[in-house]
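Protein sequences appear in the order of chains X and R.
All residue numbers for the first sequence refer to our numbering, where the first residue is 1 and numbers rise by one.
All residue numbers for the second sequence refer to our numbering, where the first residue is 1 and numbers rise by one.
Glycine residues also receive a C-beta, built at the ideal position from the N, C-alpha and C atoms.
In this text, all values refer to a predicted model and were calculated from it rather than measured experimentally.
Worksheet for the structure shown next.
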Amino acid sequence: MDFSTTFKIVGTGMSAARARLDVVASNLANASTTKTDEGGPYKKKTVTTAAEPVESRFDSAIADALKSVKIESVTEDPNAVKMAYDPAHPDAGANGYVALPDINVMTEMADLITASRSYEACVTAFDSTKNMALKTLEMGR
Amino acid sequence: MDALFDKTVGLLSNMLDYRNKRHMVVVSNITNLDTVDYKPSEVTFKNEFEKAGQLALKTTNPKHLPPPNTDGSLNYEVTTSEENVKIDTEMANLAENNLMYNTTVEMLARKFRGLNTVLKETK
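Laid out in structure tokens, this is it:
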């Protein structure tokens, strides 16, 4: 009976989903940010995750099948810049074009919903694990 | 002691163990829903149904061969699918496994309650 490993696995899934949500929120919030500390407009960011084996002290047969999620990296797309003609903009160049982040709000919203749904799936899995653990305690009553 | 605990309790606790392992693998699949290149695994037991069926064998005649040893120990198989994670299948597996786990716990609890009643009422 090793519920703590299960909780740990679901926990990594939830934090990965949260990281996705955070990055989507950042992308949406900065959809028209023209200035950043690094210079230039805001660049669209993407989270990449990878499966990581769980160290389990038990059964080696299923240990290979158990994988938690780790956030591998947050990558920036350096080419996600679009030029828009707006001579009145303070950041516009000499030719009247301003560099804006190339962020598609529709794609970001779709990513947002996907991340939110995977978070929900993890919550359901967590809940189910919790119910099983509680049910086990009920056995002695 | 063996007659009291071995068959039912042994089998049911093995069942609990199996359900717990299956739960862990299903949870791992759900967690890796968005992981690129992750292939879902599944835990199955093949031989256990046959083994469980053999429990019904009785040696009513001394000339009968004894039934094979039914210690109820589990040998499960972990298989990895070639397809990606299907969230609906995994959620269904999660719910089914959860239900079966609860049923198994309930059966164990009832067994213990029954034993308790016997111990109390014969005083």
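For chain X, is any of its Cβ atoms less than 9 angstroms away from the one on residue i?
| i | result |
| --- | --- |
| R:Met15 | no |
| R:Lys21 | yes |
| R:Val118 | no |
| R:Thr8 | no |
| R:Leu115 | no |
| R:Leu108 | yes |
| R:Phe45 | no |
Does residue i get closer than 9 angstroms to chain R when you measure Cβ to Cβ?
| i | result |
| --- | --- |
| X:Glu138 | yes |
| X:Ala25 | no |
| X:Val54 | yes |
| X:Val74 | no |
| X:Asp64 | yes |
| X:Val10 | yes |
| X:Asp2 | yes |
| X:Ala110 | no |
| X:Arg18 | no |
In chain R, what lies closer than 8 angstroms to residue i by C-beta?
| i | result |
| --- | --- |
| X:Asn131 | Asn98, Asn102 |
| X:Val123 | Ordered by position in chain R, no residue passes the 8 angstroms Cβ test against X:Val123, which lies about 10 angstroms from the chain. |
| X:Ala61 | Tyr76, Val78 |
Looking only at its own chain, which residues have a Cβ that is under 8 angstroms from the Cβ of residue i, when we skip the five neighbours before and after it?
| i | result |
| --- | --- |
| X:Leu100 | Ser32, Thr34, Pro41, Val81, Lys82, Met83, Ala84 |
| X:Met1 | Caution applies to X:Met1, whose pLDDT of 49 falls short of 50 and renders its modelled position unreliable; the model cannot decide the point. |
| X:Leu66 | Thr5, Ile9, Pro53, Val54, Ser56 |
| R:Lys111 | Thr8, Val9, Leu12 |
| X:Met14 | Tyr119, Cys122, Val123, Phe126 |
Which whole-angstrom value describes the C-beta separation of residue i and residue j, a residue pair presumed to lie in contact below a C-beta threshold of 8 angstroms?
| i | j | result |
| --- | --- | --- |
| X:Ala17 | X:Ser118 | 5 angstroms |
| R:Tyr76 | R:Tyr18 | 6 angstroms |
| R:Val105 | R:Leu16 | 7 angstroms |
Please work out which residues of its chain come closer than 6 angstroms, Cβ to Cβ, to residue i, disregarding the five sequence neighbours upstream and downstream, and give them in chain order.
| i | result |
| --- | --- |
| X:Thr75 | Thr46 |
| X:Thr12 | Ser68, Val69 |
| R:His23 | Asn97 |
| R:Lys86 | none |
| X:Asp91 | Thr34, Val98 |
Do residue j and residue i come within 9 angstroms of each other at the CB atom, strictly closer than that value?
| i | j | result |
| --- | --- | --- |
| R:Val27 | X:Asp64 | no |
| R:Asn29 | R:Glu82 | no |
| X:Asp111 | X:Val24 | yes |
| X:Met139 | R:Asn20 | no |
| X:Thr166 | R:Leu94 | The shown model of chain X, from 1 to 141, leaves out residue 166 of chain X, and the question about it has no answer. |
Would you mind telling me which residues of chain X sit closer than 7 angstroms to residue i, beta carbon to beta carbon, in chain order?
| i | result |
| --- | --- |
| R:Leu33 | Ser118, Ala121 |
| R:Ser81 | Within 7 angstroms Cβ-Cβ: nothing; R:Ser81 doesn't reach chain X, min ~11 angstroms. |
So residue i contacts chain B; which residues on that side make the cut at Cβ distance below 8 angstroms?
| i | result |
| --- | --- |
| R:Tyr38 | Note that chain B does not occur in the displayed structure, where the protein chains are X and R. |
Cβ closer than 8 angstroms: which chain X residues qualify as neighbours of residue i?
| i | result |
| --- | --- |
| R:Leu94 | Thr124, Ala125, Ser128 |
By the criterion of Cβ-Cβ separation under 7 angstroms, what are the contact partners of residue i in chain R?
| i | result |
| --- | --- |
| X:Thr5 | Met24 |
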